[in-house]
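Enquirer: One structure follows; several queries about it will come next.
In the numbering used here, the protein residues as written are 43 to 234.
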């Protein structure tokens, strides 16, 4: 279903469900929606290659508390990536006390500054109710929620389409977090 914005009434118009009730405007909206529907039908006639999927479970060894560039480990453990001409890679960390992000991968100061900033934003202490697993646990959960558990990265010609200075980070928010698991799912069109 195509969504159009009616400029006359600033209402949204769904093709098939006309929401704009003004009579003078209705004809323009209907006319525009028919043109849009015809264009969409033409687009659908273009043959599309089949969609390919790949998935891998990536295991990372225990890392010290801080922010760590893990792009090389992701690439190394995702050999199927080379089989995709175009697509999306989704990374999802299976833990609640670490997170994923994309940031600068060139300066060794960036991960240090990022970790220091997160510690200032979410300090450790006894101000939390959840203290069962140590003073670093609840702040780790908050940092994980702020930074996020998942990333989506474009895939282009068998490679992650990251910028020149971009790297994938695992942010370990615990003092002793243990090994970490990341599921990488790639969907797209095959190179063949």
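From the three backbone atoms N, C-alpha and C, an ideal C-beta is built for every residue, glycine too.
Less than 8 Å between C-beta atoms, sequence neighbours within five positions excluded: which residues of the same chain meet that for residue 108?
Expert: Reading the chain shown from its first residue, position 66 is the one you call residue 108. Within the same chain, residue 108 has close Cβ partners 153, 154, 157, 213 and 214.
Enquirer: Looking at residue 133: is its Cβ nearer than 8 Å to the Cβ of residue 210?
Expert: Residue numbering aside, residue 133 sits at position 91 when the chain shown is read from its first letter. Residue numbering aside, residue 210 sits at position 168 when the chain shown is read from its first letter. A contact, by the Cβ cut-off of 8 Å.
Enquirer: Looking only at its chain, what residues have a beta carbon closer than 8 Å to the beta carbon of residue 116, apart from the 5 residues adjacent to it on each side?
Expert: As a working note, residue 116 is residue 74 in the chain shown. Here the set comprises 100, 133, 202, 210, 224 and 226.
Enquirer: Shortest alpha-carbon distance to residue 217 belongs to which of 119, 180 and 123?
Expert: In the chain shown, the residue the question calls residue 217 occupies position 175. Ranking the options by Cα distance to residue 217, first place goes to 180.
Enquirer: What three-state label does DSSP hand residue 202 in the structure shown?
Expert: Locating residue 202 in the chain shown gives position 160, counting from the first residue. Correct three-state label for residue 202: strand.
Enquirer: Check for me: the alpha helix (DSSP H) holding residue 157 runs from which residue to which?
Expert: For the purposes of this step, residue 157 is taken as the residue at position 115 of the chain shown. Per DSSP, residue 157 belongs to the alpha helix (DSSP H) from 151–163.
Enquirer: In its own chain, which residues sit with a C-beta less than 7 Å from the C-beta of residue 87, not counting the 5 before and 5 after it?
Expert: To locate residue 87, count along the chain shown from 1; it is residue 45. With a pLDDT of 41 at residue 87, under the threshold of 50, the modelled position of that residue is not reliable, and no figure is offered here.
Enquirer: What are the boundary residues of the alpha helix (DSSP H) that residue 113 is part of?
Expert: In the chain shown, counting from the first residue as 1, residue 113 sits at position 71. 113–118 is the extent of the alpha helix (DSSP H) around residue 113.
Enquirer: Would you mind reading off the limits of the alpha helix (DSSP H) that contains residue 123?
Expert: On the chain shown, position 81 is the one that residue 123 refers to. Looking at the DSSP string, residue 123 is not in any alpha helix (DSSP H), and its letter there is neither H nor E.
Enquirer: Spatial neighbours of residue 207 within its chain, please: CB distance less than 8 Å, with the 5 preceding and 5 following residues excluded, ordered by chain position.
Expert: For the purposes of this step, residue 207 is identified with residue 165 of the chain shown, where counting begins at 1. If we look at residue 207 and ignore the five residues flanking it on each side, its Cβ neighbours are 146, 147 and 148.
Enquirer: Specify, as a first and last residue, the run of the beta strand (DSSP E) that residue 186 falls within.
Expert: Reading the chain shown from its first residue, position 144 is the one you call residue 186. From DSSP, residue 186 is part of no beta strand (DSSP E) but of the alpha helix (DSSP H) over 179–189.
Enquirer: Give the single residue among 222, 228 and 219 whose Cα lies nearest to the Cα of residue 195.
Expert: Position 153 of the chain shown, counted from the first residue, corresponds to residue 195. The candidate whose alpha carbon is nearest that of residue 195 is 228.
Enquirer: Taking Cβ to Cβ, would you say residue 182 is nearer than 8 Å to residue 139?
Expert: Position 140 of the chain shown, counted from the start, is the residue given in the question as residue 182. Position 97 of the chain shown, counted from the start, is the residue given in the question as residue 139. Yes, the pair counts as a contact, with Cβ atoms nearer than the cut-off.
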